[in-house]
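Below: the structure, in structure tokens.
There are 2 protein chains.
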Amino acid sequence: MSASTRDLTTIFASNEIRDTYRISFLANSLIVPVYDTIKRDEGLNRGEYLLLFCLAHFPKLTAQDVANMTGRPRNSISRGVHRMLDQGYIQRSPDADDGRQAWLRITADGRALHKRLVKRFQMREGELLSALSEQERRQLDELLQKLVLQAATKR
Amino acid sequence: MSASTRDLTTIFASNEIRDTYRISFLANSLIVPVYDTIKRDEGLNRGEYLLLFCLAHFPKLTAQDVANMTGRPRNSISRGVHRMLDQGYIQRSPDADDGRQAWLRITADGRALHKRLVKRFQMREGELLSALSEQERRQLDELLQKLVLQAATKR
DNA sequence: CACATATTGTTCTATTTGGAACAATATGCC
DNA sequence: GGCATATTGTTCCAAATAGAACAATATGTG
Numbered sequence: 001m002s003a004s005t006r007d008l009t010t011i012f013a014s015n016e017i018r019d020t021y022r023i024s025f026l027a028n029s030l031i032v033p034v035y036d037t038i039k040r041d042e043g044l045n046r047g048e049y050l051l052l053f054c055l056a057h058f059p060k061l062t063a064q065d066v067a068n069m070t071g072r073p074r075n076s077i078s079r080g081v082h083r084m085l086d087q088g089y090i091q092r093s094p095d096a097d098d099g100r101q102a103w104l105r106i107t108a109d110g111r112a113l114h115k116r117l118v119k120r121f122q123m124r125e126g127e128l129l130s131a132l133s134e135q136e137r138r139q140l141d142e143l144l145q146k147l148v149l150q151a152a153t154k155r
Numbered sequence: 156m157s158a159s160t161r162d163l164t165t166i167f168a169s170n171e172i173r174d175t176y177r178i179s180f181l182a183n184s185l186i187v188p189v190y191d192t193i194k195r196d197e198g199l200n201r202g203e204y205l206l207l208f209c210l211a212h213f214p215k216l217t218a219q220d221v222a223n224m225t226g227r228p229r230n231s232i233s234r235g236v237h238r239m240l241d242q243g244y245i246q247r248s249p250d251a252d253d254g255r256q257a258w259l260r261i262t263a264d265g266r267a268l269h270k271r272l273v274k275r276f277q278m279r280e281g282e283l284l285s286a287l288s289e290q291e292r293r294q295l296d297e298l299l300q301k302l303v304l305q306a307a308t309k310r
């Protein structure tokens with residue numbers, strides 16, 4: 001009996017936390033291979049890419065905002081900020097009213113990088129979603145939206 | 156304008172990879188807080204818990220099987236195996252026909268630990284799913300199953 | 001059988017990660 | 001205003017992580 005003859009996918013449907021297990025598996029399947037190519041081609045690690053992604057969708061954010069959005073600790077964000085500043089993908093300006101915090105913005109270079117990289121995630125997402133019909137995709141969209149709003153408020 | 160007055164949840168519905176972003180966010184929300192308590196209370200890290208979880212659902216597995224199922228590198232599994240052996244949660248026996256590999260099994264202690272810990276994930280899962288109706292949960296179940304099977308085959 | 005290639009599990013090493021403590025600044029309360 | 005408490009971003013350090021090389025074993029092909 002070798003690994004190739006044993007069916008390791010049965011666990012998807014037969015464990016005590018089916019949804020948790022499958023959502024976690026899906027998340028890994030969607031992002032890990034793409035992060036690997038981003039690391040290889042652009043030298044950005046996960047924290048740095050997340051920072052870029054967040055800043056691509058808000059005009060300005062503080063480091064604390066990014067930590068809240070991504071769930072990563074502030075020191076990881078802080079490191080990412082410095083590296084992305086060095087590379088010119090983001091810029092920082094101190095807040096006039098609050099000396100503790102600083103506003104982060106994406107630069108034109110950063111936005112161009114984001115546009116290139118996000119396509120890789122879109123392709124991977126498309127591969128997975130091709131298993132669903134149009135109607136099923138709309139169902140998924142609604143269900144996910146309800147779940148993330150629940151997750152964002154109930155924690 | 157402070158973080159508390161800015162609505163950082165708008166990104167859920169307005170980015171180029173909505174499903175990827177939301178699934179990844181959900182996965183973190185489901186597992187990270189629980190892993191933290193498991194680390195604190197039992198000293199198990201993520202790799203060690205995953206090993207226990209896998210072995211709780213198959214009579215026996217090789218380290219390579221666990222690596223395939225979880226997507227983690229073999230050296231991480233290897234480390235986990237040794238620590239879990241030391242703690243008596245799993246046992247190992249060499250394969251008679253293939254001198255390279257060894258079969259891993261969960262012990263009674265390991266199974267008892269699994270039963271206790273999986274409840275924590277069930278509780279967290281229940282909190283999130285409470286946002287859905289019975290019918291919606293069935294829909295989610297079907298959609299997730301299609302997606303994970305697609306992910307497991309198309310990679 | 002002999003030799004090239006593949007697979008399993010391990011060790012070594014560099015990078016990533018995150019908790020904790022810290023300085024600077026802000027807020028609340030008397 | 002003055003002092004206790006909270007918040008932001010940083011540095012320090014220990015743990016987790018994963019790539020690469022490795023030894024042992026297995027497989028395949030002549």
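Going down the list, the sequences are from chains A and B. For the first sequence, the positions run 1 to 155 when my numbering is used. For the second sequence, the positions run 156 to 310 when my numbering is used. Every residue, glycine too, gets a C-beta built ideally from N, C-alpha and C.
Look at B:Ser169 here: in three-state DSSP terms it is coil, with no helix or strand label. Sequence-distant Cβ neighbours of A:Gln101 in its own chain, meaning closer than 6 Å and more than five residues away, are Thr62 and Asp95. Put simply, the CB of B:Arg177 is near chain A, with a gap under 8 Å to one of its CB atoms. Annotation for A:Gln91: the continuous beta strand (DSSP E) segment containing it runs Ile90 to Pro94. For B:Ile172, the closest C-alpha among the options A:Glu127, A:Gly43, A:Ala152 and A:Glu48 is that of A:Glu127. When C-alpha distances from A:Asn28 are compared across B:Val189, B:Pro188 and B:Tyr176, the shortest belongs to B:Tyr176. Annotation: Cβ neighbours of B:Ala168 in chain A (cutoff 8 Å, chain order): Gln145.
The count of Cβ pairs closer than 8 Å, one atom from the segment 294-305 of chain B and one from the segment 134-143 of chain A, reaches three, so the stretches are in contact. B:Gly235 is a Cβ neighbour of B:Leu206, given a cutoff of 8 Å. Taking 8 Å as the cut-off, the Cβ atoms of A:Leu117 and A:Tyr49 count as close. Rounded to whole angstroms, A:Trp103 and A:Lys60 show a C-alpha spacing of 6 Å. A:Gly110 is classed as buried because its beta carbon has at least 16 other beta carbons within 10 Å across all chains shown. By the neighbour-count criterion, in which 16 or more other beta carbons inside 10 Å mark a residue as buried, A:Asn75 falls on the exposed side.
With a threshold of 8 Å between beta carbons, B:Gln246 makes no contact with chain A. Sixteen is the threshold: when 16 or more other Cβ atoms of the shown chains lie within 10 Å of the Cβ of B:Arg279, as they do, the residue is buried. The criterion of a C-beta distance shorter than 8 Å is not satisfied by B:Val221 and A:Phe12.
In the three-state reduction of the DSSP assignment, B:Leu207 falls in the helix class. Within chain B, Asp174, Leu302 and Gln305 have C-beta atoms less than 9 Å from the C-beta of A:Leu129, given in sequence order. DSSP lists no beta-bridge partner residue for B:Ile232. Around the beta carbon of B:Ala306, 16 or more other beta carbons lie within 10 angstroms, which makes this residue buried. Pairing B:Ser179 with A:Leu30 gives a Cβ-Cβ distance under 8 Å. Residue range Ala257 to Ile261 is occupied by the beta strand (DSSP E) that includes B:Arg260, with no alpha helix (DSSP H) assigned at that position. In this structure, the straight-line span from the alpha carbon of A:Ala108 to that of A:Gly43 is close to 19 Å. A straight line joining the alpha-carbon of A:Leu113 with that of B:Tyr244 spans about 47 Å.
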